[in-house]
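S.K.: Here our numbering is used: the first residue of the sequence shown is 41, the next is one more, and so on.
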Amino acid sequence: NRDTTFVLNSFNGNDMAKNIIDVPRDDLGKVTDDELLKCSKEELMRRVRKVESEKMNLMLEHGNMMKDVNRRLQVHLHEIRSLKEVNQKLQEDNQELRELCCFLDDDRQKGKKLSREWQRFGRYTASVMWKEVGMFQQKLKELESNQDCVIRENVELKEIIMMLDDERNGAGSRSSIDSQSSLSNLNGSSATVRDVGDGSSTSSTGSAGSPDHHHSHIHKPSEGKIMSVRRSMDDLSNNHLLRNLPNGMSGSIGRMPTAYEFQEFPGKRRSNKAS
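#1: Taking the alpha-carbon positions, what's the Lys150 to Lys171 distance?
#2: Would DSSP call Thr165 helix, strand or coil?
#3: So, is Leu204 buried or exposed, given that buried needs 16 or more other C-beta atoms within 10 angstroms?
#4: Do you know offhand how far Asp188's Cα is from Gly162's?
#5: To which residues of the same chain is Leu84 closer than 8 Å at the C-beta, ignoring the five residues directly before and after it?
#6: Report the residue ranges of all alpha helix (DSSP H) runs contained in full by the region 71 to 142; include only those spanning at least 4 residues, in chain order.
#7: Return the chain-ordered list of same chain residues with a C-beta closer than 6 Å to the C-beta of Ala166, the five sequence neighbours on each side being excluded.
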């Protein structure tokens, strides 16, 4: 008897199929010629047919195994094709993702560069704004100081106007008193020498008892005060702040009557006011 073992490994390498066939049979190769000659024809035919049947079984079994291997090979080839297609798709997707990553990286670099530029621009604008704010604060301080000066000048102007009004009222009252005293003197003394304008009379020489002499003595101290007020008005008209005032205010101050006008024409101004 001879044991024959067939071992078949599968195609994928994972499963190992083992087909072991133990066939007890007479080994004809070990039989000597003498023994074969001693055997009868029937025995020899039987042994030959047995060996042929064993060979046929082995061939059939080998064919079945080859069919199974071919079938498995076809399945694996189909799987390989599908995997190749999937791999191709994955490679295409990978290429698209790479391009997208490159695009996003470029966009990120551009955004980073733009952000740096905006930061520089923001710092520059902030510095410019700080400078402008400082300039505006300085101008505001100057305007506040100018406003204080204007307020003080307005107060002084109000005081001067009140002084001028008082002076005008005082000049008008003194002129009315002088006119009344002169009329009373003319009515009371009919024998008084008439003034013909040649300087020979008492009134034209400016005697101490005449009304003109008294009137001149009354107006002498007020004229010094009026002249000082007039000089202050001239100084104010030449002041730089008056040039900075609006046109309406400067025009009204420029048209303000002087003390000389109040002194010279008090009766005329009162008549104009009454009319």
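The C-beta atom is built at its ideal place from N, Cα and C for all residues, glycine as well.
M.R.: According to the structure data:
#1: Start at 1 with the first residue of the sequence shown, and residue 150 comes out as number 110. Start at 1 with the first residue of the sequence shown, and residue 171 comes out as number 131. Cα to Cα, Lys150 sits roughly 31 Å from Lys171.
#2: In the sequence shown, the residue the question calls residue 165 occupies position 125. If DSSP states are grouped into helix, strand and coil, Thr165 belongs with the helices.
#3: Position 164 of the sequence shown, counting from 1, holds the residue named residue 204. Buried, since its Cβ has 16 or more Cβ neighbours within 10 Å.
#4: Here the question's residue 188 lines up with position 148 in the sequence shown. Here the question's residue 162 lines up with position 122 in the sequence shown. About 38 Å.
#5: Translated into positions along the sequence shown, residue 84 becomes position 44. Answer for Leu84: Leu76, listed in chain order.
#6: 73 to 78
#7: Residue mapping note: residue 166 aligns to position 126 of the sequence shown, counting from 1. Excluding sequence neighbours, Ala166 sits near nothing in its chain.
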